[in-house]
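Engineer: Just dropping this structure here.
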Amino acid sequence: MKMKKKSILTVVTAFTVAAGAGSAYFLLGNETSGSPRSAENNPEHEVTLTEKSFASKAELTAAGDFLIHKPLYTDAFTGTSYDFNPMFEEVRTIFEESDAAYINQESILGGEALGLSSYPSFNSPHEAGDALLNAGMDVMNMANNHTLDKGSRGVLSAIRYYEDRNVLYTGAYKNERDQLTPRVLNRNGIRFGFLSYTYGTNGIPVPEGMPYLVNLIDAEKMKKDIREMRELADFVIVSAHWGLEYERFPNGEQKSLAAMLANEGANVIIGHHPHVLQPMEWITAKSGKKTLVIYSLGNFLSGQEGDYKDIGGIAKLTFYKKISGDKRDLQIGEPGFIPTIVTHSNKSNYKVRILKNVDPELDDSIKKHVLTTKK
Numbered sequence: 004m005k006m007k008k009k010s011i012l013t014v015v016t017a018f019t020v021a022a023g024a025g026s027a028y029f030l031l032g033n034e035t036s037g038s039p040r041s042a043e044n045n046p047e048h049e050v051t052l053t054e055k056s057f058a059s060k061a062e063l064t065a066a067g068d069f070l071i072h073k074p075l076y077t078d079a080f081t082g083t084s085y086d087f088n089p090m091f092e093e094v095r096t097i098f099e100e101s102d103a104a105y106i107n108q109e110s111i112l113g114g115e116a117l118g119l120s121s122y123p124s125f126n127s128p129h130e131a132g133d134a135l136l137n138a139g140m141d142v143m144n145m146a147n148n149h150t151l152d153k154g155s156r157g158v159l160s161a162i163r164y165y166e167d168r169n170v171l172y173t174g175a176y177k178n179e180r181d182q183l184t185p186r187v188l189n190r191n192g193i194r195f196g197f198l199s200y201t202y203g204t205n206g207i208p209v210p211e212g213m214p215y216l217v218n219l220i221d222a223e224k225m226k227k228d229i230r231e232m233r234e235l236a237d238f239v240i241v242s243a244h245w246g247l248e249y250e251r252f253p254n255g256e257q258k259s260l261a262a263m264l265a266n267e268g269a270n271v272i273i274g275h276h277p278h279v280l281q282p283m284e285w286i287t288a289k290s291g292k293k294t295l296v297i298y299s300l301g302n303f304l305s306g307q308e309g310d311y312k313d314i315g316g317i318a319k320l321t322f323y324k325k326i327s328g329d330k331r332d333l334q335i336g337e338p339g340f341i342p343t344i345v346t347h348s349n350k351s352n353y354k355v356r357i358l359k360n361v362d363p364e365l366d367d368s369i370k371k372h373v374l375t376t377k378k
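The working numbering puts the first residue of the sequence shown at 4, with every later residue one more than the last.
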């Protein structure tokens with residue numbers, strides 16, 4: 004079994020570079036420090052480099068909502084701490100063997116000191132994050148309708164947790180400077196830029212003077228952010244917390260927003276919030292380029308069940324970059340998808356399992372629901 008080593012992200016303080024009337028901000032992912040994921044660890048992702056050419060590929064895995072209801076943290080309680088690691092045993096290698104892994108951290112990782120809580124106002128122990136990192140996660144989306152469940156204290160506590168572990172977080176920030184610092188991750192010479200937004204925060208107002216705490220969906224801001232990110236990254240990945248809960252198909256608002264994001268240059272759109280799986284599709288931007296839209300990845304781990312709420316999935320996306328002389332070619336392969344299901348025994352022994360290993364017939368049905376079109 005191939006194993007990738009945990010990478011270290013080096014964050015360079017945001018700075019401005021005058022460019023006419025505009026300015027640019029940078030965050031650099033350094034995959035040469037610490038113990039990186041590398042071509043050496045993933046031989047099939049080998050980088051080919053000569054004096055005038057470059058060819059590489061990188062795989063990104065993406066999971067859905069990580070929403071820690073009370074039965075989950077009760078099950079994880081050891082008497083003195085919390086251990087969520089056994090919940091990921093069956094799916095761990097999927098993330099470990101990819102070059103980068105992304106998840107929507109739906110319940111804020113404010114930590115036990117702020118008081119653990121469940122629906123409707125969530126706060127999760129830091130140990131839940133530890134288990135995700137142990138499973139190979141690199142990128143944590145924080146922009147969702149539960150971001151402000153514990154106010155600014157929850158957001159800032161979660162950010163301190165991520166920063167202490169050199170984890171890339173996106174969609175919620177500690178100050179304006181942090182918000183203006185693009186999230187760019189370098190894998191095998193391929194630069195991924197991450198942007199995240201949510202439709203709202205369950206009616207909780209953003210604290211006065213702290214608009215940076217969470218990125219809200221705003222068309223003009225999103226357009227500006229994508230334009231700036233395109234100058235820094237080979238591929239722009241946008242997370243959108245959108246749609247209607249428990250609806251298995253995207254609505255008109257999702258499709259309209261996806262079209263706008265594609266026209267501005269988003270390469271992949273990863274959707275969350277419905278808590279059930281919605282289809283993936285390729286859409287064509289005005290430029291003629293294709294954008295992959297994953298309307299919803301469902302619940303990765305939560306206490307919800309029934310009506311498809313216990314079923315989620317892991318998207319597997321392969322990105323290709325080739326430079327020959329003055330020519331640069333960037334491509335995204337056809338997506339792969341692994342359906343998952345959350346199982347338990349009377350609210351204990353919770354597991355994220357590969358659906359095929361539990362119910363092959365349902366697995367086939369779910370794949371047909373999600374993988375609807377090809378490029």
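Cβ coordinates follow ideal geometry from the N, Cα and C atoms, glycine included.
Would you tell me roughly how many angstroms separate the C-alpha atoms of residue 113 and residue 180, rounded to the nearest one?
Structural biologist: Computed Cα separation, rounded: 21 Å.
Engineer: Just how far apart, CA to CA, sit residue 262 and residue 298?
Structural biologist: About 12 Å.
Engineer: In the DSSP assignment, find the unbroken beta strand (DSSP E) run with residue 252 in it and report its ends.
Structural biologist: Per DSSP, residue 252 belongs to no beta strand (DSSP E) and is neither H nor E.
Engineer: Of all the alpha helix (DSSP H) runs that stay within the bounds of the region 155-227, which reach a length of 4 or more residues?
Structural biologist: With a minimum length of 4 residues, the continuous alpha helix (DSSP H) runs that stay inside the region 155-227 are 179-182.
Engineer: Could you tell me if residue 330 is buried or exposed, where buried requires 16 or more neighbouring beta carbons within 10 angstroms of its beta carbon?
Structural biologist: Answer is exposed; the Cβ neighbour count stays below 16.
Engineer: Assuming residue 111 and residue 149 are in contact, meaning their beta carbons sit under 8 Å apart, how far apart are those beta carbons, in whole angstroms?
Structural biologist: Right, the Cβ-Cβ distance comes to about 6 Å (below 8 Å), so this counts as a contact.
Engineer: Taking three-plus beta-carbon pairs below 8 Å as touching, is the region 162-173 in contact with the region 195-207?
Structural biologist: Counting Cβ pairs under 8 Å, three or more are found: they touch.
Engineer: For residue 204, does the count of other Cβ atoms within 10 angstroms reach 16, so buried, or fall short, so exposed?
Structural biologist: When all chains shown are included, residue 204 counts as buried.
Engineer: Bridge partners for residue 335 per DSSP, in chain order?
Structural biologist: Partner(s): 322.
Engineer: Quick check on the DSSP output: the alpha helix (DSSP H) that includes residue 85 runs from which residue to which?
Structural biologist: Careful: residue 85 lies outside any alpha helix (DSSP H) and carries neither H nor E.
Engineer: Does the Cβ of residue 24 have 16 or more other Cβ atoms within 10 Å, making it buried, or fewer, making it exposed?
Structural biologist: At residue 24, the pLDDT of 28 sits below 50, so the modelled position is not reliable; the number obtained from the coordinates is stated separately. Exposed, since its Cβ has fewer than 16 Cβ neighbours within 10 Å.
Engineer: Report back the beta-carbon spacing between residue 279 and residue 251 to the nearest angstrom; my notes put them in contact at under 8 Å.
Structural biologist: Yes, residue 279 and residue 251 are in contact; Cβ-Cβ is about 5 Å, under 8 Å.
Engineer: Give a yes or no on whether the C-beta atoms belonging to residue 312 and residue 249 are separated by under 8 Å.
Structural biologist: Against a cut-off of 8 Å, the Cβ pair of residue 249 and residue 312 comes out as a contact.
Engineer: Tell me whether residue 76 sits in a helix, a strand or coil according to DSSP, three-state version.
Structural biologist: Residue 76 falls in the helix class under three-state DSSP.
Engineer: On the three-pair Cβ rule with 8 Å, is the region 314-328 touching the region 64-81?
Structural biologist: Touching, yes.
Engineer: Would the region 208-222 and the region 75-84 be scored as touching if the rule is three or more Cβ pairs under 8 Å?
Structural biologist: The region 208-222 is not in contact with the region 75-84.
Engineer: Could you check if residue 306 is buried or exposed, using at least 16 other CB atoms within 10 Å of its CB as the buried criterion?
Structural biologist: That one is buried.
Engineer: Just mark residue 343 as buried or exposed, buried being the case when its beta carbon has 16 or more other beta carbons within 10 Å.
Structural biologist: Buried.
Engineer: Between residue 162 and residue 129, what straight-line distance do the alpha-carbon atoms span, to the nearest angstrom?
Structural biologist: Going by the C-alpha atoms only, they are around 11 Å apart.
Engineer: What is the DSSP secondary structure of residue 145, reduced to helix, strand or coil?
Structural biologist: Residue state, collapsed to three classes: coil.
Engineer: Distance, Cα to Cα, residue 182 vs residue 104?
Structural biologist: Taking the straight line joining both Cα atoms gives about 22 Å.
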